[in-house]
Amino acid sequence: VLGELTATAVSPDSVQLEWSVPEGTFDSFTVQYRDGQGQPQVLPVASDSRSVTVTGLSPSRRYKFNLYGLWGRKRLGPISMDAVTGEGGSAPPPCPFLALAPEEESSPSQPRLGNLKASRVNSDAIQLEWSVPKGTFDSFMVQYRDAQGQPESLLVDGGSHTVTVPGLSPSHRYNFYLYGLSGQKRLGPISLDTMTGEGWSRTHPCPLGALAPAPPKEEPPSPPHLGELMASQVTPDSVQLEWSVPEGTFDSFTVQYRDGQGQPPALPVAGDSRSVTVS
Numbered sequence: 001v002l003g004e005l006t007a008t009a010v011s012p013d014s015v016q017l018e019w020s021v022p023e024g025t026f027d028s029f030t031v032q033y034r035d036g037q038g039q040p041q042v043l044p045v046a047s048d049s050r051s052v053t054v055t056g057l058s059p060s061r062r063y064k065f066n067l068y069g070l071w072g073r074k075r076l077g078p079i080s081m082d083a084v085t086g087e088g089g090s091a092p093p094p095c096p097f098l099a100l101a102p103e104e105e106s107s108p109s110q111p112r113l114g115n116l117k118a119s120r121v122n123s124d125a126i127q128l129e130w131s132v133p134k135g136t137f138d139s140f141m142v143q144y145r146d147a148q149g150q151p152e153s154l155l156v157d158g159g160s161h162t163v164t165v166p167g168l169s170p171s172h173r174y175n176f177y178l179y180g181l182s183g184q185k186r187l188g189p190i191s192l193d194t195m196t197g198e199g200w201s202r203t204h205p206c207p208l209g210a211l212a213p214a215p216p217k218e219e220p221p222s223p224p225h226l227g228e229l230m231a232s233q234v235t236p237d238s239v240q241l242e243w244s245v246p247e248g249t250f251d252s253f254t255v256q257y258r259d260g261q262g263q264p265p266a267l268p269v270a271g272d273s274r275s276v277t278v279s
């Protein structure tokens with residue numbers, strides 16, 4: 001059970017968060033918030049920690065922080081709080097994350113992720129495998145969206161380089177993102193696009209010609225159909241998107257793209273909307 005979330009130290013560019021767990025234990029925690037440009041950010045935290053410092057914030061700005069507890073395949077929470085940078089006036093706490101030098105790709109001590117592949121695919125599960133050509137990680141995190149478009153996170157021990165993702169839907173395309181967690185750093189992601197039920201993967205080592213033909217299936221009901229996507233308005237820092245649905249209805253939509261830092265944000269949109277502004 002998650003308890004209370006509080007801000008114990010605030011500076012112009014960082015906020016230190018602390019929380020309680022009055023009952024039970026979690027495998028890990030995740031802090032989610034939006035940065036100064038409105039982009040969603042995710043900060044994973046180890047299970048034995050009860051505090052984290054969120055850095056790189058903008059001065060005199062209000063932030064809303066959401067804390068989730070991850071337990072198995074369940075995500076509990078969130079507990080939330082608002083904080084405004086630049087008003088705390090307290091000195092930054094002696095957090096090891098603050099003492100780290102700016103991260104560089106060429107750092108000799110930094111571990112490195114290799115390749116991600118699907119080693120086994122069936123109708124409701126996918127086995128993922130990855131390599132770590134250099135260094136070691138404390139843990140790994142696999143992120144993807146389920147068939148309903150909801151975000152899922154799967155934490156993996158640092159000694160493992162394989163995991164089976166169960167509970168998937170047949171004949172559905174999934175994008176998996178693998179992050180390596182080392183201390184307070186999250187490295188990656190490496191990604192994989194694969195589909196359940198047909199044994200196919202864009203990076204699967206098995207040639208398509210060797211696969212047995214899929215058994216015949218009954219024709220499903222006609223699904224809703226997406227039409228055209230276009231940019232109806234463009235500014236230096238935003239793009240307004242519009243789209244059509246010529247047939248059927250959807251419960252919701254998701255816009256995915258990569259930001260200036262190469263991270264994959266996801267923007268959910270209500271099912272009755274046909275436009276959204278990405279800023």
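In full-length UniProt numbering, the protein residues as written are 1 to 279.
All C-beta atoms, glycine included, are put in the ideal place defined by N, C-alpha and C.
Computed from a predicted structure; not experimentally measured.
#1: Compute the Euclidean distance between the alpha carbons of S182 and P189, then round it to the nearest angstrom.
#2: In whole angstroms, what separates the C-alpha of S238 from that of E23?
#3: Count the other CB atoms, across all protein chains shown, that sit within 10 Å of the CB of G199; report buried if there are 16 or more and exposed otherwise.
#4: Bridge partners of E247, per DSSP?
#5: Pick helix, strand or coil for T82, following the three-state DSSP scheme.
#6: The ligand FMN heavy atoms versus the CB of Q37: any closer than 8 Å?
#7: Rounded to a whole number of angstroms, what is the C-alpha to C-alpha distance between G167 and P78?
#8: Among the residues of its own chain, which have a CB less than 7 Å from the CB of E129, if the five just before and after it don't count?
#9: Measuring alpha carbon to alpha carbon, tell me which of R258, Q32 and F176 ends up nearest T55.
#10: Which runs of the beta strand (DSSP E), 3 residues or longer, sit entirely within the UniProt domain "Fibronectin type-III" (1 to 93)?
#11: So V132 and P111 are supposed to be a Cβ contact under 8 Å. How far apart are they, rounded?
#12: State the Cα-Cα distance for the pair Y177 and L154, rounded to the nearest angstrom.
#13: To the nearest angstrom, how far is it from the Cα of T254 to the Cα of M230?
#14: Where does N115 fall in DSSP's three states?
#15: Round the Cβ separation of T25 and Q16 to the nearest angstrom and send it over; I've been treating them as touching at under 8 Å.
#16: Should P224 go down as buried or exposed, given a rule of 16 or more other Cβ atoms within 10 Å for buried?
#17: What three-state label does DSSP hand Q110 in the structure shown?
#18: Classify T52: buried if its beta carbon has 16 or more other beta carbons within 10 angstroms, exposed otherwise.
#19: Please classify A147 as buried or exposed, where buried requires at least 16 other C-beta atoms within 10 Å of its C-beta.
#20: Could you give the distance in angstroms between the alpha-carbon of P264 and the alpha-carbon of Y179?
#21: Going by beta-carbon coordinates alone, are S275 and E242 separated by less than 9 Å?
#22: Using the three-state DSSP reduction, which class does G188 fall into: helix, strand or coil?
#23: Less than 9 Å separating the beta-carbons of Y63 and T30?
#24: Less than 9 Å separating the beta-carbons of L57 and G36?
#25: Roughly how many whole angstroms lie between the Cα atoms of D197 and I126?
#26: In whole angstroms, what is the alpha-carbon distance linking V234 and Q240?
#27: Identify whether F137 lies in helix, strand or coil by the three-state DSSP scheme.
#28: Tell me whether A83 is buried or exposed, calling it buried when 16 or more other Cβ atoms sit within 10 Å of its Cβ.
Quick look at the numbers:
#1: Taking the first residue of the sequence shown as 1, we reach residue 182 at position 182. Taking the first residue of the sequence shown as 1, we reach residue 189 at position 189. C-alpha separation (whole angstroms): 13 Å.
#2: The residue you call residue 238 lines up with position 238 of the sequence shown. The residue you call residue 23 lines up with position 23 of the sequence shown. Between S238 and E23, the C-alpha separation is close to 44 Å.
#3: As a first step, residue 199 must be located in the sequence shown, where it is residue number 199. In this prediction, G199 scores a pLDDT of 44, lower than 50, which makes its location untrustworthy; the coordinate-derived value is nonetheless stated afterwards. With 16 or more Cβ atoms within 10 Å of its Cβ, G199 is classed as buried.
#4: Indexing the sequence shown from 1 puts residue 247 at position 247. DSSP, once it has assigned bridges, lists H225 as partnering E247.
#5: Taking the first residue of the sequence shown as 1, we reach residue 82 at position 82. Reading the sequence as shown, one finds Asp at residue 82 and not Thr. Residue state, collapsed to three classes: strand.
#6: Of ligands this structure carries none, so the ligand FMN is not represented either.
#7: Start at 1 with the first residue of the sequence shown, and residue 167 comes out as number 167. Start at 1 with the first residue of the sequence shown, and residue 78 comes out as number 78. Looking at the two C-alpha atoms, the distance is approximately 23 Å.
#8: Start at 1 with the first residue of the sequence shown, and residue 129 comes out as number 129. Here the set comprises K117, S119, H161 and T162.
#9: On the sequence shown, position 55 is the one that residue 55 refers to. Cα-wise, what sits closest to T55 is Q32.
#10: 5 to 11, 14 to 19, 28 to 34, 40 to 46, 51 to 54, 62 to 71 and 74 to 84
#11: Against the sequence shown, residue 132 aligns to sequence position 132. Against the sequence shown, residue 111 aligns to sequence position 111. With 8 Å as the limit, V132 and P111 qualify as a contact, their Cβ atoms being about 6 Å apart.
#12: Along the sequence shown, read from residue 1 onward, the residue named residue 177 stands at position 177. Along the sequence shown, read from residue 1 onward, the residue named residue 154 stands at position 154. Cα-Cα distance, rounded: 10 Å.
#13: Here residue 254 refers to the residue found at position 254 when the sequence shown is read from its first residue. Here residue 230 refers to the residue found at position 230 when the sequence shown is read from its first residue. Cα to Cα, T254 sits roughly 15 Å from M230.
#14: Counting from 1 along the sequence shown, the entry for residue 115 is found at position 115. Three-state result, N115: coil.
#15: Indexing the sequence shown from 1 puts residue 25 at position 25. Indexing the sequence shown from 1 puts residue 16 at position 16. No, T25 and Q16 are not in contact; Cβ-Cβ is about 22 Å, not under 8 Å.
#16: Translated into the one-based positions of the sequence shown, residue 224 becomes position 224. Counting Cβ neighbours within 10 Å, P224 comes out exposed, since fewer than 16 surround it.
#17: If you number the sequence shown from 1, residue 110 lands on position 110. Coil.
#18: If you number the sequence shown from 1, residue 52 lands on position 52. Note on residue identity: the sequence assigns Val, not Thr, to residue 52. V52 should be labelled buried.
#19: For the purposes of this step, residue 147 is taken as the residue at position 147 of the sequence shown. It is exposed - the Cβ of A147 has fewer than 16 other Cβ atoms within 10 Å.
#20: For the purposes of this step, residue 264 is identified with residue 264 of the sequence shown, where counting begins at 1. For the purposes of this step, residue 179 is identified with residue 179 of the sequence shown, where counting begins at 1. About 12 Å.
#21: As a working note, residue 275 is residue 275 in the sequence shown. As a working note, residue 242 is residue 242 in the sequence shown. For S275 and E242, yes; Cβs fall inside 9 Å.
#22: The sequence position of residue 188 within the sequence shown is 188, counting from 1. Looking at G188 - three-state DSSP - the assignment turns out to be strand.
#23: Within the sequence shown, numbered from 1, the residue matching residue 63 stands at position 63. Within the sequence shown, numbered from 1, the residue matching residue 30 stands at position 30. Not in contact: Y63 and T30 (Cβ atoms no closer than 9 Å).
#24: For this step, residue 57 is matched to residue 57 along the sequence shown. For this step, residue 36 is matched to residue 36 along the sequence shown. Taking 9 Å as the Cβ cut-off, L57 and G36 qualify as a contacting pair.
#25: As a position in the sequence shown, residue 197 is number 197, starting the count at 1. As a position in the sequence shown, residue 126 is number 126, starting the count at 1. Looking at the sequence itself, residue 197 is Gly, so the reference to Asp does not match. So the two alpha carbons sit approximately 9 Å from each other.
#26: As a working note, residue 234 is residue 234 in the sequence shown. As a working note, residue 240 is residue 240 in the sequence shown. Each residue's alpha carbon lies about 6 Å from the other.
#27: For the purposes of this step, residue 137 is taken as the residue at position 137 of the sequence shown. Of the three classes helix, strand and coil, the one that applies to F137 here is coil, per DSSP.
#28: In the sequence shown, the residue the question calls residue 83 occupies position 83. Per the 10 Å Cβ criterion, buried.
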